[in-house]
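Numbering of the sequence shown is given in the numbering used here, commencing with residue -10 and proceeding in unit increments.
Each residue gets a CB set at the ideal place from its N, CA and C atoms; glycine is no exception.
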Amino acid sequence: MSYVSVVCGCEEHSQSLRDAVERTKSDESYQFKFESFTCFHCRQNISRALICGGCKAVIYCGPECSRASWQLRAGPDGVKKGHKKDCARIKESRLRVARFTTLSDQFPWIVKMGDASYTSLSLATKGLVGCGPSFGWWADHNCIKSHMPSYLHRKTHYTEEQGWKLPDAEIPWLSFDETKGRNPPESLPAFEDSWKSYYEWRRLPMSSPAAFLLHWPLSLYRMLCELGFTAGTVERRKTINIHLIGPERELGFLPMYVNKWSRYPGPRDSPASPRLGELALIFPHCDLCFTLFSETVVEIFENSPKDSLARQQFAYSYEAPATAGGGKITIALDKLDAIYDLQNYHDELPDAILAFHAGLANYETWYHVIVDAIRLNIPFAVTDYVDTSLDECDNTVNDLLPQGLSDLRPSQRQEIARFKKAMQSPRRKRVLNSFMSPALSDPVSSYLPYALNAWIYIVHVKD
């Protein structure tokens, strides 16, 4: 596979982050400042931030935008509520940063600036901020070089050494080899909901930055647990069919990135690794069958070489050793459905629907998925960066329920009861994810505690 040579600033950016960390160690008076922000109101890129004096979070380019944002205002999509209405709620969310810091403190090497710890600074100290194949699964797909050919156009996956770019002792191996010290867990899953406990079970030192990629499979694990799914047993093996919707730039386990927005947009942050194999260890005696849906999945398949990963029956598969429970995972690409539509789906319906950073309130294409999941009684959960977004998710779901109910026939008694029950709970369950990314994302338009997979939001649990 060949890559177009493009000049970018990733190397300089990485060096500037490392320099900043070193300076804080030698100069206690030094205050690190992020290079750029986006004004919360006008959305322009800025280098100096004016922070709202009320919530201490929202960022503006200046007093004019701060005043304009405060009150109700007209926009292309109609009247938008002003910041005045949300300021107190955002302030409350901002105060939760201490809970995120407690999670980061499990890793002594993670870099803290002010009252928060940040991913970019922390990974820079490990030499893991950069772009291109030389950075393996850590490669930054926000870079202008992200127009590289899709990872799934490759014939084979990276080896674990090529992907992780870490010392052997810090890699959570799936290709176990005890002669090389690559040992599987000593027991079937026996860990608490914390990174420290998980690392102990996986026999990893806390110096390993693996959690900055492992949060993708571990967040899927937490969503499945919240939806009531459990592992199988020796006597009764289980199969769980899971639809993962909208994998674009995140694709938390397969680095197939195309810089286009789909009808189900994902974040720009890129885990870039086939790490869902981790779930085969966490769900022993279980077959986890993932199918990915999005416009980009269809596009990548259509443009892929015949001998590429995208053309295989499974784009990725892994089976844990029998001594570790023999769990198995397969990942298939849905090559037909650019738009996810449960009513007209051509195959067996899933046991669960999951999505990373879905933005349920932001994109109308989610609306029919929400209604159909409840109507068909399919468990459905998503993650999000920040809890203030989940308030909007509640509003969206609550607005959709009456219409979903009115579309039912009188004979659909179970469905009617399901919608009526859902309407009695205006606030859906949300969980602070103990297996989120262990440090915050860089601030963009606010200093709210944003982290990848920070929150789990339950749309529907099966009756």
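Query - At least three beta-carbon pairs within less than 8 Å, the stretch 203 to 222 to the stretch 410 to 429 - result: yes
**Report entry** Length of the line joining the Cα atoms of residue 357 and residue 330
**Finding:** 8 Å
Query raised in the report: Can at least three beta-carbon pairs, one atom from the stretch 432 to 439 and one from the stretch 408 to 417, be found at a separation below 8 Å?
Result: no
Requested in this report: Taking residue 269 and residue 224 to be in contact with their CB atoms under 8 Å, please state how far apart those CB atoms are, rounded to whole angstroms.
Outcome: Wrong, their Cβ atoms sit about 19 Å apart, outside the cutoff.
Report task. Note down, in chain order, each residue of its chain lying with its Cβ closer than 6 Å to the Cβ of residue 350, except the 5 sequence neighbours on either side. Result -> 381, 382, 385
Query raised in the report: Counting Cβ pairs closer than 8 Å, one from the stretch 398 to 412 and one from the stretch 167 to 179, do we hit at least three?
Result: no
Query raised in the report: By how many angstroms is the C-alpha of residue 56 removed from the C-alpha of residue 50?
Result: 11 Å
**Report entry** Contact under 8 Å by Cβ, residue 48 with residue 21
**Finding:** no
Query raised in the report: When the Cα atoms are used, what is the spatial distance from residue 60 to residue 435?
Result: 18 Å
Report task. Below 6 Å CB to CB, which residues in the same chain sit around residue 35 once its five sequence neighbours on both sides are set aside? Result -> 26, 28, 50
Query raised in the report: Distance, Cα to Cα, residue 143 vs residue 264?
Result: 17 Å
Query - Exposure label - residue 87; buried when at least 16 CB within 10 Å - result: exposed
Query raised in the report: Are there three or more Cβ pairs, one per stretch, closer than 8 Å when the stretch 218 to 233 is compared with the stretch 338 to 350?
Result: yes
Query raised in the report: The alpha helix (DSSP H) spanning residue 451 covers which residue range?
Result: That residue, residue 451, is in no alpha helix (DSSP H); it is neither H nor E in DSSP.
Query raised in the report: Which value, in whole angstroms, describes the spacing of the CA atoms of residue 107 and residue 286?
Result: 31 Å
Report task. Using the Cα positions of residue 75 and residue 306, report the straight-line distance between them to the nearest angstrom. Result -> 45 Å
Query - Pick from 348, 364, 114, 333 that is closest to residue 394, judged by C-alpha positions - result: 364
Query - Option in 433, 188, 183 with minimal Cα separation from residue 175 - result: 188
Report task. Report the residue ranges of all alpha helix (DSSP H) runs contained in full by the stretch 282 to 357; include only those spanning at least 4 residues, in chain order. Result -> 284 to 292
Requested in this report: With DSSP as the reference, label residue 201 as helix, strand or coil.
Outcome: helix
Report task. Pull up the CB-CB distance for residue 95 and residue 195, whole angstroms please, since I reckon it's below 8 Å. Result -> 7 Å
Report task. Have a look at 375, 419, 429, 431 and flag the residue whose alpha-carbon is nearest the alpha-carbon of residue 80. Result -> 375
Report task. Just tell me which of 379, 408, 373 has its CA closest to the CA of residue 389. Result -> 408
Query raised in the report: Sorted by chain position, which residues of the same chain lie with C-beta nearer than 8 Å to residue 459's C-beta, five sequence neighbours on each side aside?
Result: Given a span of -10 to 452 for the chain in the structure shown, any question on residue 459 remains unanswerable.
**Report entry** Check whether residue 323 and residue 377 have beta carbons under 8 Å apart
**Finding:** no
Report task. Would you please state the rounded distance, in angstroms, between the beta carbons of residue 118 and residue 283? I believe it to be under 8 Å. Result -> Incorrect: roughly 27 Å between the Cβ atoms, too far for contact.
Report task. Would you kindly work out how many angstroms separate the C-alpha atoms of residue 367 and residue 24, rounded to a whole number? Result -> 44 Å
Query raised in the report: Can the beta-carbon of residue 235 be found less than 8 Å from the beta-carbon of residue 347?
Result: yes
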